[in-house]
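The structure under discussion appears below in the form of structure tokens.
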């Protein structure tokens with residue numbers, strides 16, 4: 082590791098020791114520690130392991146000694162599925178009412194600002210009760226818009242479809258991939274897209290006929306409405 086990484090490693094080791102996440106280890110196993118960059122530009126120490134069955138096998142070596150995890154660490158094979166199960170259990174009473182959870186991402190949706198404040202308070206209370214901690218530097222949704230009446234498609238994505246053109250197999254795959262993202266906004270999407278979908282199958286003869294052209298234009302027209 083570079084000097085600045087060693088400095089950061091020492092800080093993170095001490096923080097995790099203080100929190101009770103790790104402890105010094107005498108395990109016969111061990112793997113080197115390394116860093117990956119997080120979305121907020123910080124560094125996360127990870128352990129390059131594939132499986133976790135017990136605490137000694139989570140051991141990792143550093144220039145400051147051998148340590149092992151007492152809690153589930155980042156990078157373990159079954160960690161995402163187990164964490165997802167736990168999060169669903171935590172928010173069981175709120176799921177599909179005003180909360181959607183995917184691993185460590187929590188989406189809170191509400192009808193108005195006052196209701197949203199109440200929902201946010203419930204979610205934060207649940208996290209506190211289960212000793213789960215949210216990092217508020219990563220609280221913003223990276224894409225999406227709020228609308229007065231329900232959910233609408235992202236205008237920038239509609240523009241991509243509006244400027245697209247059919248006629249080549251790879252262009253059709255790209256178009257259907259993008260259009261498919263908004264299929265829940267378009268009634269009879271599968272029926273409209275079927276002629277084009279047939280052209281993407283392996284060994285299918287590429288013939289761009291009237292049905293393909295009609296379906297292509299219909300999807301583009303529906304997508305430009307923003308609400309379908």
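In this note's numbering, the protein residues as written are 82 to 309. The beta-carbon is built from N, C-alpha and C at its ideal position, and this holds for glycine as well.
Taking the straight line between their C-alpha atoms, what separation do you get for residue i and residue j?
| i | j | result |
| --- | --- | --- |
| residue 291 | residue 181 | 41 Å |
| residue 284 | residue 196 | 54 Å |
| residue 192 | residue 101 | 40 Å |
| residue 198 | residue 171 | 19 Å |
| residue 213 | residue 96 | 16 Å |
| residue 301 | residue 202 | 41 Å |
| residue 159 | residue 289 | 45 Å |
| residue 84 | residue 93 | 14 Å |
| residue 167 | residue 210 | 13 Å |
| residue 314 | residue 286 | For the chain, the structure presents residues 82 to 309; residue 314 sits outside this window and is missing. |
| residue 279 | residue 208 | 47 Å |
| residue 98 | residue 163 | 23 Å |
Do residue j and residue i come within 8 Å of each other at the CB atom, strictly closer than that value?
| i | j | result |
| --- | --- | --- |
| residue 273 | residue 258 | no |
| residue 184 | residue 200 | no |
| residue 148 | residue 103 | yes |
| residue 281 | residue 254 | yes |
| residue 146 | residue 87 | no |
Residue i: which of the options sits nearest, CA to CA?
| i | options | result |
| --- | --- | --- |
| residue 173 | 96, 159, 192, 204 | 204 |
| residue 90 | 141, 252, 160, 101 | 141 |
| residue 277 | 265, 262, 250 | 250 |
| residue 293 | 286, 213, 275, 302 | 275 |
| residue 194 | 179, 207, 206, 208 | 179 |
| residue 175 | 268, 161, 206 | 206 |
| residue 139 | 165, 105, 260 | 105 |
Opposite residue i in the DSSP bridges: which residues?
| i | result |
| --- | --- |
| residue 143 | 146 |
| residue 186 | 183 |
| residue 202 | Answer is none; residue 202 lacks a bridge partner. |
| residue 254 | According to DSSP, which records beta bridges pairwise, residue 254 is partnered with nothing at all. |
Taking only heavy atoms of the ligand FAD into account, decide whether any of them is closer than 7 Å to the Cβ of residue i.
| i | result |
| --- | --- |
| residue 103 | Inclusion of the ligand FAD in the displayed structure is not the case, the ligand content being empty and no account of it being possible. |
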